Amino acid sequence: MKQDKGSIKVRFLSVYRMELGVHMIDHPVHQENLTVKGLIQQIDRSMEGKLTQVLKLDYASVPSDMLILLNGKSIFHISGFDTPIADNDELAIMPMVFGG
Amino acid sequence: MSGYWSRYLEVDLTTRTVKTKALSLELSRKYLGGRGIGAYLYAQYTQNPDVEPLGEDNPVILAVGPITGIPVSGSGRMSATTRSPLTNALLDTNAGGMFGAFFKFSGFDALVIIGRSKDPVMLSVSEEGVEIMDAKALWGLSTQETTKALKERLSQGVSVCAIGQASENGVLYGSVCVDGQRHFGRGGMGTVWASKKLKAIAVKGKKRPEVMHKEAFDAASYELVKVMKAHPITSKVLPALGTSSLMEVINFFGMLPTRNFQQGVFEGIQKVDGEAIADTILKKQSGCWGCMIRCGRHTEVDGVSGEGPEYETNWALGPNLGIDDLHVITKANYLCNSYGMDSITAGGSIAFAMEATEKGLYDFGIRFGEKEKLLEMIHRIAKCEEVGQLLAQGSKRLAARLGGEEFAMNVKGMELAAYDPRGAKGMGVVYATSNRGACHLRGGYSVGFEVMGAPRRIDRFATTGKGTHVARSQDIGAFYDSAVVCRFNSYAVSMDIWARILNAVSGTDYTSADVEMIGSRIHNLERLINLKLGFSKRDDTLPRRLLTEPLTEGLSKGHTVALEEMLQEYYEFRGWNDQGVPTARTIERLELKEDLPWL
Numbered sequence: 000m001k002q003d004k005g006s007i008k009v010r011f012l013s014v015y016r017m018e019l020g021v022h023m024i025d026h027p028v029h030q031e032n033l034t035v036k037g038l039i040q041q042i043d044r045s046m047e048g049k050l051t052q053v054l055k056l057d058y059a060s061v062p063s064d065m066l067i068l069l070n071g072k073s074i075f076h077i078s079g080f081d082t083p084i085a086d087n088d089e090l091a092i093m094p095m096v097f098g099g
Numbered sequence: 000m001s002g003y004w005s006r007y008l009e010v011d012l013t014t015r016t017v018k019t020k021a022l023s024l025e026l027s028r029k030y031l032g033g034r035g036i037g038a039y040l041y042a043q044y045t046q047n048p049d050v051e052p053l054g055e056d057n058p059v060i061l062a063v064g065p066i067t068g069i070p071v072s073g074s075g076r077m078s079a080t081t082r083s084p085l086t087n088a089l090l091d092t093n094a095g096g097m098f099g100a101f102f103k104f105s106g107f108d109a110l111v112i113i114g115r116s117k118d119p120v121m122l123s124v125s126e127e128g129v130e131i132m133d134a135k136a137l138w139g140l141s142t143q144e145t146t147k148a149l150k151e152r153l154s155q156g157v158s159v160c161a162i163g164q165a166s167e168n169g170v171l172y173g174s175v176c177v178d179g180q181r182h183f184g185r186g187g188m189g190t191v192w193a194s195k196k197l198k199a200i201a202v203k204g205k206k207r208p209e210v211m212h213k214e215a216f217d218a219a220s221y222e223l224v225k226v227m228k229a230h231p232i233t234s235k236v237l238p239a240l241g242t243s244s245l246m247e248v249i250n251f252f253g254m255l256p257t258r259n260f261q262q263g264v265f266e267g268i269q270k271v272d273g274e275a276i277a278d279t280i281l282k283k284q285s286g287c288w289g290c291m292i293r294c295g296r297h298t299e300v301d302g303v304s305g306e307g308p309e310y311e312t313n314w315a316l317g318p319n320l321g322i323d324d325l326h327v328i329t330k331a332n333y334l335c336n337s338y339g340m341d342s343i344t345a346g347g348s349i350a351f352a353m354e355a356t357e358k359g360l361y362d363f364g365i366r367f368g369e370k371e372k373l374l375e376m377i378h379r380i381a382k383c384e385e386v387g388q389l390l391a392q393g394s395k396r397l398a399a400r401l402g403g404e405e406f407a408m409n410v411k412g413m414e415l416a417a418y419d420p421r422g423a424k425g426m427g428v429v430y431a432t433s434n435r436g437a438c439h440l441r442g443g444y445s446v447g448f449e450v451m452g453a454p455r456r457i458d459r460f461a462t463t464g465k466g467t468h469v470a471r472s473q474d475i476g477a478f479y480d481s482a483v484v485c486r487f488n489s490y491a492v493s494m495d496i497w498a499r500i501l502n503a504v505s506g507t508d509y510t511s512a513d514v515e516m517i518g519s520r521i522h523n524l525e526r527l528i529n530l531k532l533g534f535s536k537r538d539d540t541l542p543r544r545l546l547t548e549p550l551t552e553g554l555s556k557g558h559t560v561a562l563e564e565m566l567q568e569y570y571e572f573r574g575w576n577d578q579g580v581p582t583a584r585t586i587e588r589l590e591l592k593e594d595l596p597w598l
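Residue numbers (numbering that gives the first Met the number 0), protein chains in the order written: chain A, 0 to 99; chain B, 0 to 598.
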């Protein structure tokens with residue numbers, strides 16, 4: 000039987016927060032060797048596919064109009080969607096925004 | 000050549016004479032229009048550029064560009080150039096709304112205003128030329144009251160630029176308000192108008208600019224529409240949340256200047272961000288002439304409606320003052336709109352006052368977070384009453400008089416914008432080298448590549464490469480301001496598409512590299528004017544706080560700005576010597592010598 004190992008905080012910013020109707024979730028971790036892709040897919044299932052629909056992800060590479068940060072660092076500069084993610088990590092997902 | 004009318008208006012307010020003058024296609028090709036032609040004409044009209052900002056000899060140049068009024072998104076803007084009374088540097092400022100397109104439809108490329116009237120006047124511009132009209136009855140009215148009065152007097156179909164009481168009373172950062180909503184905001188353009196007793200300009204016209212190669216234009220503009228509809232920023236984020244969509248993201252990165260740049264994280268962010276605006280005070284989106292994005296926010300608070308706040312104002316009158324009440328921020332924004340006053344410099348000056356009060360330097364009677372005192376303080380500034388008279392001078396003059404230079408957050412006398420360069424080092428070069436003082440837009444907006452990763456992802460804390468990226472970004476920005484098109488399109492639309500549109504409109508055969516080179520020429524021309532005005536490498540710096548005080552929390556914790564190494568790379572890329580002076584070879588390469596009589 001799997002045991003919960005802890006949780007990962009996932010924050011959605013800007014229009015993602017608005018479209019998903021959620022700012023932050025505390026996602027329980029059920030497995031070792033979890034990647035960003037695996038985590039997003041787990042959350043997507045719990046949201047009945049809404050996350051993939053809003054983010055329009057194909058998991059091939061990080062979309063150029065989106066920022067995904069693991070503990071404040073872009074996963075683009077780590078291993079993209081294959082970036083390992085562990086208990087107590089924080090993931091932030093936001094669209095590229097400009098203005099001023 | 001299409002895209003230009005090849006003529007401009009000259010109005011002498013001293014002699015009350017009006018002339019129509021030719022503007023050669025060669026010059027138009029060289030400086031494009033807008034900001035570029037503005038700098039060129041400024042140099043010609045002053046001969047020696049060292050004129051008093053509020054003196055009779057300081058010209059005001061309003062100019063459109065080849066793309067203004069052409070049916071592509073973001074082509075409704077216009078540029079205005081003069082010498083700034085706030086910074087004493089060359090100033091160009093750029094506004095949206097309808098005025099730019101309407102001016103283009105009048106059949107002129109620019110309007111040069113020289114001299115000074117004895118009594119308040121306004122200008123009425125149309126295809127027939129320009130008429131100087133009495134404006135005594137308008138003096139003392141707000142920007143919105145003036146706009147309303149002129150639309151009733153002339154026609155609802157005119158677009159109106161007007162100054163408010165702030166400029167009339169001598170606030171050094173008075174703005175010029177477009178149709179009561181948008182602003183030629185920074186640097187005191189309105190204050191210069193007031194010194195000339197120029198209250199307003201109304202414009203109308205029916206002449207439509209032609210496109211030289213229609214098929215090529217249709218193909219390029221089709222592509223522009225396609226990429227703008229597909230890009231989430233231009234199709235989703237800006238329309239839904241406006242520019243305040245940045246609030247939460249910049250705060251997340253720990254670089255939202257808070258309490259006069261003492262912190263980089265604002266605890267009350269969710270009360271003031273773009274979503275809070277959409278959820279509470281937004282009545283409808285608003286947009287400039289022909290715009291697909293419509294980033295403007297038409298809002299309502301306590302039964303009063305108006306424009307804003309957009310990101311910079313929201314920050315300047317909110318987090319930077321420790322205020323998290325969106326209603327108060329919005330009311331303060333409305334007041335700045337009405338009085339005609341730059342909200343960034345107003346906010347920066349009040350932030351200085353709050354810190355000075357808290358540190359015991361001088362008691363301005365207001366501290367961080369005292370939202371109930373904010374509106375009264377803005378009234379006092381606009382009327383130059385009591386301490387408002389001091390704050391009307393901006394933070395540089397405040398510090399020179401009272402001390403506290405280390406927390407006077409300006410460069411060359413212009414207050415910084417809503418990005419702390421300790422969290423994106425290139426922004427340090429941006430602020431330090433912007434020709435009009437600490438401006439995020441004129442300086443190159445490195446947030447794009449440092450934080451958002453566009454067009455390429457670059458480490459925001461690195462220093463190597465930043466000088467080069469910032470210089471190139473400045474040159475591209477100079478193209479936008481001269482063409483004239485809205486920079487917000489640039490997030491989706493490549494320079495290649497813009498070069499194709501420009502070529503189709505005006506019959507040129509520019510590549511994107513050519514266009515960047517024109518931008519470089521314009522930036523260098525401005526630099527040479529500023530050097531002649533007495534600016535030097537010592538002015539290419541940052542407030543001491545940013546150089547020596549690390550941020551203490553959030554994702555930019557521990558960082559300061561190592562400016563000098565980035566600056567030397569910047570100078571080298573620009574073809575300037577180590578003192579920041581363009582070399583003879585650079586001046587020759589950019590073909591600038593013949594246009595600067597005093598060089």
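For each residue, glycine too, the CB sits at the ideal point set by N, CA and C. Predicted model, so just to flag it, every value in this text is computed and none were measured.
Pair within 8 Å by beta-carbon distance, residue i and residue j
i: Asn502 (chain B); j: Phe406 (chain B); result: no
i: Leu562 (chain B); j: Leu541 (chain B); result: yes
i: Met121 (chain B); j: Ala136 (chain B); result: no
i: Ile521 (chain B); j: Ala38 (chain B); result: yes
i: Phe367 (chain B); j: Glu357 (chain B); result: yes
i: Gly466 (chain B); j: Leu440 (chain B); result: no
i: Leu316 (chain B); j: Ala417 (chain B); result: no
i: Gly427 (chain B); j: Val514 (chain B); result: no
i: Leu325 (chain B); j: Val271 (chain B); result: yes
i: Phe183 (chain B); j: Ala21 (chain B); result: no
Nonlocal neighbours in the same chain, by C-beta distance under 6 Å from residue i, ignoring five residues either side
i: Thr257 (chain B); result: Phe265, Pro318
i: Phe351 (chain B); result: Ser394, Leu397, Ala407
i: Tyr58 (chain A); result: Lys36, Phe80
i: Leu554 (chain B); result: Phe252, Gly253
i: Leu110 (chain B); result: Leu8, Leu61
i: Gly99 (chain B); result: Val63, Thr67, Gly75, Arg76, Met77
i: Ser637 (chain B); result: Limits of chain B in this structure are 0 at one end and 598 at the other, which puts residue 637 (chain B) out of reach.
i: Gln2 (chain A); result: At Gln2 (chain A) the pLDDT is 48, less than 50, meaning the model places this residue with poor confidence; the figure from the coordinates comes in the next sentence. Answer for Gln2 (chain A): no residue qualifies.
Beta-carbon neighbours of residue i, restricted to chain B and to distances below 9 Å
i: Met93 (chain A); result: Glu247, Val248, Phe251
7 Å Cβ cut-off: residues of chain B touching residue i
i: Leu12 (chain A); result: Glu247, Val248, Phe251
i: Gly71 (chain A); result: Leu554
Simplified DSSP state of residue i, which is helix, strand or coil
i: Glu414 (chain B); result: strand
i: Asn576 (chain B); result: coil
i: Pro178 (chain B); result: Before going on, a small fix: residue 178 (chain B) reads as Asp here, not Pro. Three-state DSSP puts Asp178 (chain B) in coil, outside helix and strand.
i: His22 (chain A); result: coil
i: Met0 (chain A); result: Below a pLDDT of 50, predicted positions are generally treated as unreliable, and Met0 (chain A), at 43, falls in that range; no measurement from the model is reported.
i: Tyr7 (chain B); result: strand
i: Thr92 (chain B); result: strand
i: Ser342 (chain B); result: helix
Contact set between residue i and chain A, taken where Cβ atoms lie within less than 8 Å
i: Phe487 (chain B); result: Phe97, Gly98
i: Ser74 (chain B); result: Within 8 Å Cβ-Cβ: nothing; Ser74 (chain B) doesn't reach chain A, min ~19 Å.
Close beta carbons around residue i, own chain, < 7 Å, minus the five adjacent residues each side
i: Leu281 (chain B); result: Arg296, Thr298
i: Glu222 (chain B); result: Ile496
Same chain only: Cβ atoms within 8 Å of residue i, ignoring 5 sequence neighbours per side
i: Lys372 (chain B); result: Gly364, Ile365
i: Thr329 (chain B); result: Ile280, Thr298, Val300, Gly305, Gly307, Pro308
i: Val639 (chain B); result: Look at the range of chain B in this structure, 0 to 598, and you will see that residue 639 (chain B) is not part of it.
i: Met227 (chain B); result: Ser72, Thr233, Ser234, Met291, Ile292, Asn488, Ala491, Val492
Amino acids of chain A, ordered along the chain, whose beta-carbon sits closer than 7 Å to that of residue i
i: Leu240 (chain B); result: Ser13, Val14
i: Val236 (chain B); result: Ser13, Val14, Pro94, Val96
Run of the alpha helix (DSSP H) containing residue i, from where it starts to where it stops
i: Ala498 (chain B); result: 494-505
i: Val53 (chain A); result: 49-54
i: Asn332 (chain B); result: 325-338
i: Thr190 (chain B); result: 188-194
Partner residues on chain A for residue i, Cβ-Cβ distance less than 9 Å
i: Ile232 (chain B); result: Asp64, Pro94, Met95, Val96, Phe97, Gly98
i: Leu440 (chain B); result: Gly99
Proximal chain B residues relative to residue i, where beta-carbon distance stays under 8 Å
i: Met17 (chain A); result: Ala239, Leu240, Glu274, Ala277
i: Phe75 (chain A); result: Gly452, Arg456
For residue i, the first and last residue of its enclosing beta strand (DSSP E)
i: Phe11 (chain A); result: 5-11
Heavy atom of the ligand FMN within 7 Å of residue i beta-carbon
i: Thr242 (chain B); result: In terms of ligand content, the structure shown is empty, and the ligand FMN therefore cannot be addressed.
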